[in-house]
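Those letters in the sequence shown? Residues 94 to 370, by our numbering.
Cβ atoms here follow ideal geometry from the backbone N, Cα and C, with glycine treated the same way.
All values derive from a computational prediction rather than experimental measurement.
This report refers to the structure that appears directly beneath it.
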Amino acid sequence: MTDRLRHIDHDGLRFDVRDEGPVDGDPVVLLHGFPQRASSWDRVTPRLHAEGLRTLAPDQRGYSPGARPPRRRDYTLDRLVADVEALVTAVGRPVHLVGHDWGAAVAWLLAARRPDLVRSLVAVSVPHPGAMVAAGRRQWRLSWYMGLFLLPGVAERQLPSPRGLGALRAGGMTDEMLRTFRTEVVADGALPGALAWYRAIPLTPRGLRHERVSVPTTMVWSDGDVAIARATAELAARWVDARYDLVVLPGVSHWIPDQAPAAVADAVLTHAHREAP
Numbered sequence: 094m095t096d097r098l099r100h101i102d103h104d105g106l107r108f109d110v111r112d113e114g115p116v117d118g119d120p121v122v123l124l125h126g127f128p129q130r131a132s133s134w135d136r137v138t139p140r141l142h143a144e145g146l147r148t149l150a151p152d153q154r155g156y157s158p159g160a161r162p163p164r165r166r167d168y169t170l171d172r173l174v175a176d177v178e179a180l181v182t183a184v185g186r187p188v189h190l191v192g193h194d195w196g197a198a199v200a201w202l203l204a205a206r207r208p209d210l211v212r213s214l215v216a217v218s219v220p221h222p223g224a225m226v227a228a229g230r231r232q233w234r235l236s237w238y239m240g241l242f243l244l245p246g247v248a249e250r251q252l253p254s255p256r257g258l259g260a261l262r263a264g265g266m267t268d269e270m271l272r273t274f275r276t277e278v279v280a281d282g283a284l285p286g287a288l289a290w291y292r293a294i295p296l297t298p299r300g301l302r303h304e305r306v307s308v309p310t311t312m313v314w315s316d317g318d319v320a321i322a323r324a325t326a327e328l329a330a331r332w333v334d335a336r337y338d339l340v341v342l343p344g345v346s347h348w349i350p351d352q353a354p355a356a357v358a359d360a361v362l363t364h365a366h367r368e369a370p
């Protein structure tokens with residue numbers, strides 16, 4: 094496909110897409126996490142473009158202004174995966190798939206379900222959903238904040254407050270990242286939809302956690318991550334039936350695309366060179 098994709102219409106919703114780089118380059122789809130949007134990849138994409146790759150970064154369900162349904166059942170993981178499947182189908186050829194945080198969870202499951210659409214997978218920070226479950230109590234202690242996010246109205250008030258912003262800063266967000274969060278997520282009205290990803294977890298089909306990945310995969314994790322334990326990241330290998338690499342970044346927080354963009358670009362380019370026709 095040689096036309097730019099600025100929007101994708103799917104499931105009665107319209108998703109904004111940042112389509113950049115050489116239009117005829119091998120496509121790379123970049124999936125943001127919580128609480129960020131497509132701009133979270135801005136430090137990663139220049140290197141990919143310089144190497145001849147085309148990048149497509151959507152604002153996902155709940156974040157795009159035209160894709161904010163009100164019901165939590167509209168945010169189950171199978172629906173989130175179907176949104177990205179529609180994007181890759183519109184691209185018209187298999188892609189290198191990259192996801193951070195919640196975007197990584199979506200990427201894992203799309204790669205498992207549709208290996209015909211995915212040439213390689215780079216999962217940043219968050220391992221396969223099966224690994225999150227298998228990790229047990231140690232991981233769930235780190236995921237305590239999810240309980241807060243499940244309470245309607247509470248997280249919407251707390252996260253933009255000085256206390257909430259302080260917690261995000263303690264987790265590694267910089268002042269610049271916090272300003273972007275306030276502008277792109279809070280002020281733009283995306284926070285309720287972003288939180289709906291968490292609130293839909295109890296409604297997501299449990300069978301998704303067992304789906305296995307058969308495409309070349311890299312897991313990138315950082316030892317400064319306060320939300321994901323190293324043992325959880327290491328479990329991801331159990332769900333991959335293909336070439337697999339674990340990259341551990343010392344001294345980096347959870348926000349790897351912002352703070353270690355070269356490492357993400359290196360992982361993508363390694364796959365792009367290995368899987369080149």
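Please identify the residue among the options whose C-alpha is closest to the C-alpha of residue i.
{"i": "Asp-109", "options": "Ala-216, Pro-115, His-125 and Asp-117", "result": "His-125"}
{"i": "Arg-97", "options": "Pro-163, Pro-128, Gly-105 and Val-116", "result": "Val-116"}
{"i": "Arg-99", "options": "Asp-112, Trp-237 and Leu-106", "result": "Asp-112"}
{"i": "Arg-336", "options": "Ala-224, Thr-310 and Val-345", "result": "Thr-310"}
{"i": "Val-333", "options": "Arg-302, Ile-349, Gly-118 and Tyr-168", "result": "Arg-302"}
{"i": "Arg-305", "options": "Gly-105, Val-181, Ala-205 and Val-137", "result": "Ala-205"}
{"i": "Val-345", "options": "Asp-318, Arg-323, Thr-325 and Ala-322", "result": "Asp-318"}
{"i": "Ala-326", "options": "Ser-307, His-366 and Asp-194", "result": "Asp-194"}
{"i": "Ser-157", "options": "Thr-363, Ile-101 and Val-215", "result": "Ile-101"}
{"i": "Pro-120", "options": "Arg-367, Val-184 and Leu-106", "result": "Val-184"}
{"i": "Val-226", "options": "Ala-358, Gly-300 and Leu-261", "result": "Gly-300"}
{"i": "Gln-153", "options": "Gly-145, Thr-169 and Ser-315", "result": "Thr-169"}
{"i": "Pro-162", "options": "Met-312, Ala-324, Ala-287 and Ala-360", "result": "Ala-287"}
{"i": "Thr-182", "options": "Ala-320, Pro-354, Ser-315 and Val-122", "result": "Val-122"}
{"i": "Ala-320", "options": "Ala-228, Ala-356, Arg-256 and Ala-248", "result": "Ala-228"}
{"i": "Thr-367", "options": "Asp-316, Leu-203 and His-189", "result": "Inspection of the sequence shows that residue 367 is occupied by Arg rather than by Thr. Residue His-189 is the option with its Cα nearest to Arg-367."}
{"i": "Trp-237", "options": "Ala-322, Trp-201 and Ala-216", "result": "Ala-322"}
{"i": "Leu-244", "options": "Gly-196, Arg-186, Arg-165 and Leu-173", "result": "Arg-165"}
{"i": "Ile-349", "options": "Asp-104, Ser-218, Trp-201 and Ala-365", "result": "Ser-218"}
{"i": "Ala-198", "options": "Gln-352, Pro-187 and Asp-171", "result": "Asp-171"}
{"i": "Thr-363", "options": "Gly-159, Val-313 and Ala-324", "result": "Val-313"}
{"i": "Phe-242", "options": "His-142, Phe-127 and His-347", "result": "Phe-127"}
{"i": "Ser-307", "options": "Arg-207, His-103, Leu-173 and Asp-104", "result": "Arg-207"}
{"i": "Leu-149", "options": "His-103, Gly-192, Asp-316 and Gly-259", "result": "Gly-192"}
{"i": "Ala-356", "options": "Ser-315, Leu-328 and Ala-324", "result": "Ser-315"}
{"i": "Gly-114", "options": "Leu-106, Ala-353 and His-142", "result": "His-142"}
{"i": "Asp-173", "options": "Ala-324, Arg-275, Pro-298 and Leu-328", "result": "A small correction: the amino acid at residue 173 is Leu; Asp does not occupy that position in the sequence shown. The residue with the shortest Cα to Cα distance from Leu-173 is Pro-298."}
Name the two residues that bound the continuous alpha helix (DSSP H) containing residue i.
{"i": "Gly-259", "result": "255-263"}
{"i": "Pro-151", "result": "First-last for Pro-151: 147-151, but that is the beta strand (DSSP E), not the alpha helix (DSSP H)."}
{"i": "Glu-327", "result": "323-328"}
{"i": "Thr-276", "result": "Here Thr-276 belongs to no alpha helix (DSSP H), and DSSP marks it neither H nor E."}
{"i": "His-142", "result": "138-143"}
{"i": "Arg-292", "result": "284-292"}
How far does the beta strand (DSSP E) with residue i in it extend, from its first residue to its last?
{"i": "Asp-102", "result": "100-103"}
{"i": "Ala-216", "result": "211-217"}
{"i": "Pro-120", "result": "120-124"}
Provide the residue(s) that pair with residue i in DSSP beta bridges, ordered along the chain.
{"i": "Tyr-337", "result": "Thr-310"}
{"i": "Val-110", "result": "Pro-151"}
{"i": "Gly-317", "result": "Ser-346"}
Got a sec: is the Cβ-Cβ distance from residue i to anything in chain B below 8 Å?
{"i": "Asp-117", "result": "Checking the listed chains, one finds no chain B in this structure; it contains a single protein chain."}
Those runs of the alpha helix (DSSP H) which lie wholly inside the segment 339-368 and span at least 4 residues: 349-352 and 354-367
Sufficient close CB pairs (3 or more, under 8 Å) joining the segment 229-242 to the segment 338-354: no
The segment 289-296 contacting the segment 203-214, beta-carbon criterion three pairs below 8 Å: no
Segment contact flag, the segment 165-179 with the segment 128-142, C-beta cutoff 8 Å, min 3 pairs: They do not touch, by the three-pair rule.
Inside the segment 177-251 only - alpha helix (DSSP H) runs reaching at least 4 residues: If we require 4 residues or more, the alpha helix (DSSP H) runs fully inside the segment 177-251 come out as 195-206, 222-227, 230-235, 238-242 and 247-251.
Cβ pair count under 8 Å reaching 3, the segment 256-270 against the segment 135-149: no
Inter-stretch contact (C-beta, 8 Å, three-pair minimum) for the segment 270-290 and the segment 247-259: yes
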